[in-house]
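Notes for the one structure printed next.
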Amino acid sequence: MTIKQYLYSVRDEQKEIEELNERIYEMRMSLLPGAVRYDTDKVQVSPTDTITDRMAEIAGYVTSLENKMETLAAKRRNAQKLIWMLEDSRERQVLDSYFLSVKRPAMRNVAAMINYSLPQTVRIYDSGIKHLEKMITNDNEVRAMIVA
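Residue numbers are given in the UniProt record's numbering: position 126 of the sequence shown equals residue 126, and the series is strictly consecutive.
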């Protein structure tokens, strides 16, 4: 796995966690009572209780979410250590903002945050990735950080 793939995996995992949070929220909201119809008889058509099934499904998603959050926390710590090994503060700032920000900004938003043009920000980004790749090829300890 290259450093770029590793950093993007952190960013992608953040997105997966957000989507899982949204799914859990929607499922919990579906458990709330809907409109009540008083004119019909209450008859259970299916042999199983759908609310219990839905609650069990939500519990499964919550467990999955907790596991993903633990994995993401470890990946973020490693990614942050790698990024902070860079000597150039501009490279650290661009890579940190782009890959580790909770908001997952687009590159043009990162450029606006650091007050550089988009092409200059992309050059800094590319330079930072190249320097990290050099560190990985030259240092086994650094390479182990992205494999673990």
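Virtual Cβ for every residue (Gly too), placed ideally from N, Cα, C.
Q | Assigned secondary structure, Ser127 (DSSP; H/G/I helix, E/B strand, else coil) | A | helix
Q) What are the boundary residues of the alpha helix (DSSP H) that includes Glu87? A) First-last for Glu87: undefined, no H or E at that position.
**Q.** Glu22 to Val122 span [Cα, whole Å]
**A.** 32 Å
Q. Taking the alpha-carbon positions, what's the Pro119 to Ser101 distance?
A. 20 Å
(Q) Under DSSP, the alpha helix (DSSP H) around Asp139 begins and ends at which residues? (A) Here Asp139 belongs to no alpha helix (DSSP H), and DSSP marks it neither H nor E.
Q: Find the nearest neighbour of His131 within the set Leu72, Ile83, Arg104, judged by alpha-carbon distance.
A: Ile83
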